[in-house]
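What follows is a short report on a single structure.
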């Protein structure tokens with residue numbers, strides 16, 4: 532039982548050790564002569580402008596909320612899908628009721644402009 | 371599984387979703403009929419629910435009670451919701467936000483309370499509790515442009531989440547020690563175990579704290595004055611009666627059915643809390659200048675009186691809780707309807723602005739006086755009968771000291787209730803303009819006043835129902 536899963540910790544350990552080895556080796560051997568041009572965010576291409584610490588629009592939370600509705604639906608759909616053959620007609624009707632209620636919620640969010648970018 | 375047992379809940383869900391959909395289909399300016407639609411729908415459900423007395427069955431294999439006790443509390447919640455939605459129309463219109471949403475959220479809150487009062491199992495109980503409180507978080511912060519309302523919403527959210535966490539922790543400890551979430555099985559498992567383990571004691575204390583927050587018992591009352599003051603007044607009214615009554619129903623079921631063998635231990639806890647709640651609630655209410663804060667502290671004190679019925683832990687005590695709870699609905703909603711309409715007209719909640727209200731609107735002044743005096747327990751009014759039932763249930767159980775505290779503090783409460791009446795009747799109005807009260811609110815005012823007076827003179831009908839409710843819990 533335990534040996535079946537022993538591959539997982541081995542991979543985790545290797546995933547940590549291997550990049551450390553590679554990065555450490557290249558750090559030891561690569562040449563170092565930085566110039567201001569080399570240290571820019573994009574060495575070739577657009578000039579960077581201003582600070583990276585800017586405010587983002589809080590409207591993102593609306594999408595998160597609408598997402599949660601579907602997330603919960605999926606969580607509930609999985610156990611239902613596995614068991615629905617033994618649960619019979621009642622479970623199918625039940626699930627349609629559940630999805631209908633969720634869809635009303637989604638429709639409401641849509642109509643009230645939750646999906647519009649301001 | 372007989373789904374017809376859940377007719378009341380299913381009808382409530384359909385009402386809420388139906389109103390939400392109708393609100394989406396019609397344009398914004400035409401949504402003002404939705405409030406009345408909700409009131410009528412809830413009134414029909416209330417009427418239907420009378421047919422559910424005497425069924426005393428459980429649904430979902432003991433997870434959901436449909437007994438007289440839960441039906442009584444559902445009716446209490448429905449009465450509160452009907453009165454609040456009927457009284458709130460003008461106030462909500464003046465708030466200017468989405469009109470239909472307010473009523474939909476009110477119905478959802480009522481649904482959560484119903485589930486809470488019927489829950490026979492911890493997870494169902496928690497589900498009902500969260501349905502109720504999340505709806506209230508939204509309703510409390512409903513005035514989006516008012517910083518006080520937003521502050522109240524955030525405060526309620528944070529403190530409510532904390533108290534839910536404490537309650538949930540208590541429930542999980544009880545589950546951990548007994549291995550079951552069904553309330554009636556907890557008692558069986560506890561009897562098998564024989565003695566209380568420390569973890570069980572901690573679990574019970576956490577349950578007391580979690581429920582204590584919901585019923586705003588001292589020392590868990592700190593949220594209620596701020597939330598009551600900041601929330602839109604109809605929400606405050608519903609919060610003060612509905613959420614408190616539903617939490618009491620759940621509390622009674624959990625403690626009396628799951629922990630009957632250890633009643634000595636939790637009775638002591640509740641007695642201490644009740645004494646503190648009655649004393650602090652009443653004394654702090656005295657210096658308040660804002661009427662909503664004053665009513666908030668008075669409702670804290672009322673929760674203390676109701677807790678005495680829980681301490682009795684017998685049919686007489688539960689009857690007292692049920693009876694007083696229903697009276698409290700009428701008195702509180704009557705008082706808040708006055709506050710609601712006064713502030714919708716004048717924009718003020720300060721007690722000194724109530725000067726001369728008797729001349730500006732005799733109806734408002736009369737209703738507020740009757741409701742406040744009923745809360746104080748002045749004899750011809752219903753509050754006296756309620757307090758009589760509550761206090762007489764514990765007086766022979768060795769809690770005479772608590773009864774004396776209750777009586778003394780009731781007398782103290784007359785002072786601050788009457789000082790509002792004095793301002794309304796004795797002082798001269800600054801502004802003589804009459805106050806406009808819409809028909810729906812007028813109906814609520816008349817109903818609350820008549821019921822409060824009628825039940826004080828003739829408490830028989832309500833006391834029969836309250837008896838049914840209490841007896842179904844102790845068969």
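Residue numbers (our numbering), protein chains in the order written: chain V, 532 to 649; chain Y, 371 to 845.
Positions of the beta carbon are idealized from the N, C-alpha and C atoms, including for glycine.
Only a predicted model underlies this, so the values are computations on that prediction, with no experimental measurement involved.
Would you mind reading off the limits of the beta strand (DSSP E) that contains residue i?
| i | result |
| --- | --- |
| residue 428 of chain Y | 427-429 |
Would you list the residues sitting across from residue i in a DSSP beta bridge?
| i | result |
| --- | --- |
| residue 489 of chain Y | Y:434 |
| residue 660 of chain Y | Y:720 |
| residue 688 of chain Y | In DSSP, residue 688 of chain Y forms no bridge with anything. |
| residue 552 of chain Y | Y:491 |
For the alpha helix (DSSP H) containing residue i, name the first residue and the last one.
| i | result |
| --- | --- |
| residue 521 of chain Y | 517-548 |
| residue 589 of chain V | Premise fails: residue 589 of chain V is in no alpha helix (DSSP H) and is neither H nor E. |
| residue 740 of chain Y | 732-746 |
| residue 570 of chain Y | 568-584 |
| residue 550 of chain V | 538-560 |
| residue 415 of chain Y | 404-419 |
| residue 621 of chain V | 620-642 |
| residue 786 of chain Y | 770-796 |
| residue 638 of chain Y | 633-655 |
| residue 399 of chain Y | It is not in any alpha helix (DSSP H) - residue 399 of chain Y carries neither H nor E in the DSSP assignment. |
| residue 565 of chain Y | Neither: residue 565 of chain Y is in no alpha helix (DSSP H) and is coded neither H nor E. |
| residue 812 of chain Y | 809-827 |
| residue 593 of chain Y | 593-600 |
| residue 753 of chain Y | 752-765 |
| residue 614 of chain Y | 614-623 |
| residue 800 of chain Y | Careful: residue 800 of chain Y lies outside any alpha helix (DSSP H) and carries neither H nor E. |
| residue 836 of chain Y | 830-843 |
| residue 608 of chain Y | 603-608 |
Throw me the rounded Cβ distance for the residue i and residue j pair, which I believe falls under 8 Å.
| i | j | result |
| --- | --- | --- |
| residue 506 of chain Y | residue 606 of chain Y | Incorrect: roughly 10 Å between the Cβ atoms, too far for contact. |
| residue 510 of chain Y | residue 526 of chain Y | 5 Å |
| residue 752 of chain Y | residue 829 of chain Y | 7 Å |
| residue 444 of chain Y | residue 487 of chain Y | 6 Å |
| residue 861 of chain Y | residue 603 of chain Y | For chain Y, the structure presents residues 371 to 845; residue 861 of chain Y sits outside this window and is missing. |
| residue 756 of chain Y | residue 694 of chain Y | 4 Å |
| residue 839 of chain Y | residue 692 of chain Y | 5 Å |
| residue 426 of chain Y | residue 842 of chain Y | 6 Å |
| residue 645 of chain Y | residue 775 of chain Y | 5 Å |
| residue 462 of chain Y | residue 386 of chain Y | The Cβ separation is near 16 Å, so there is no contact. |
| residue 576 of chain Y | residue 528 of chain Y | About 18 Å; that fails the 8 Å criterion. |
Give a single yes or no on whether residue i has its beta carbon closer than 7 Å to a heavy atom of the ligand MG.
| i | result |
| --- | --- |
| residue 621 of chain V | You won't find the ligand MG in this model; it holds no ligand whatsoever. |
Any Cβ of chain C within less than 8 Å of the Cβ of residue i?
| i | result |
| --- | --- |
| residue 800 of chain Y | No chain C appears in the structure shown, which is made up of the protein chains V and Y. |
Taking a cut of 8 Å between CB atoms, which residues from the region 388-399 of chain Y lie near chain V? Taking 8 Å as the Cβ-Cβ cut-off against chain V, the residues of the region 388-399 of chain Y that qualify are 390, 391, 394.
Could you check whether the region 785-805 of chain Y touches the region 711-724 of chain Y, counting it as contact only if at least three pairs of C-beta atoms, one from each stretch, sit closer than 8 Å? Taking a cut-off of 8 Å on C-beta distances, the region 785-805 of chain Y touches the region 711-724 of chain Y, as three or more cross pairs fall below it.
With a cut-off of 8 Å, do at least 3 Cβ pairs link the region 700-710 of chain Y to the region 600-615 of chain Y? With a cut-off of 8 Å on Cβ pairs, the region 700-710 of chain Y is in contact with the region 600-615 of chain Y, counting three or more such pairs.
Could you check whether the region 610-620 of chain V touches the region 396-412 of chain Y, counting it as contact only if at least three pairs of C-beta atoms, one from each stretch, sit closer than 8 Å? no
Listed from N- to C-terminal order along the chain, which residues in the region 619-641 of chain V have their beta-carbon within a distance smaller than 8 Å of any beta-carbon of chain Y? 632, 635, 638, 639
Specify whether the region 480-493 of chain Y and the region 437-452 of chain Y touch according to this definition: at least 3 beta carbon pairs, one from each stretch, less than 8 Å apart. yes
When you compare the region 456-471 of chain Y with the region 805-819 of chain Y, are there three or more beta-carbon pairs, one atom per stretch, that lie closer than 8 Å? They touch, by the three-pair rule.
Examine the Cβ distances between the region 666-677 of chain Y and the region 585-598 of chain Y and report whether three or more of them are shorter than 8 Å. yes
Flag this pair as touching only if the region 412-424 of chain Y and the region 815-823 of chain Y have three or more C-beta atom pairs under 8 Å; answer yes or no. no
Touch test, the region 722-731 of chain Y against the region 616-628 of chain Y, Cβ-Cβ under 8 Å, three pairs minimum: no
Hey, is the region 757-772 of chain Y in contact with the region 788-800 of chain Y, meaning 3+ C-beta pairs nearer than 8 Å? The region 757-772 of chain Y vs the region 788-800 of chain Y: no contact.
Does the count of Cβ pairs from the region 678-690 of chain Y and the region 633-644 of chain Y closer than 8 Å reach three? The region 678-690 of chain Y is in contact with the region 633-644 of chain Y.
Pair every Cβ in the region 655-664 of chain Y with every Cβ in the region 580-593 of chain Y, then say whether three or more of these pairs are closer than 8 Å. no
State whether the region 628-647 of chain V contacts the region 378-395 of chain Y, with contact taken as three or more CB pairs (one from each stretch) at a distance under 8 Å. yes
Does the region 433-442 of chain Y come within contact of the region 570-581 of chain Y, defined as at least 3 CB pairs closer than 8 Å? no
Any chance the region 605-617 of chain V sits against the region 568-586 of chain V, with 3 or more Cβ pairs inside 8 Å? no
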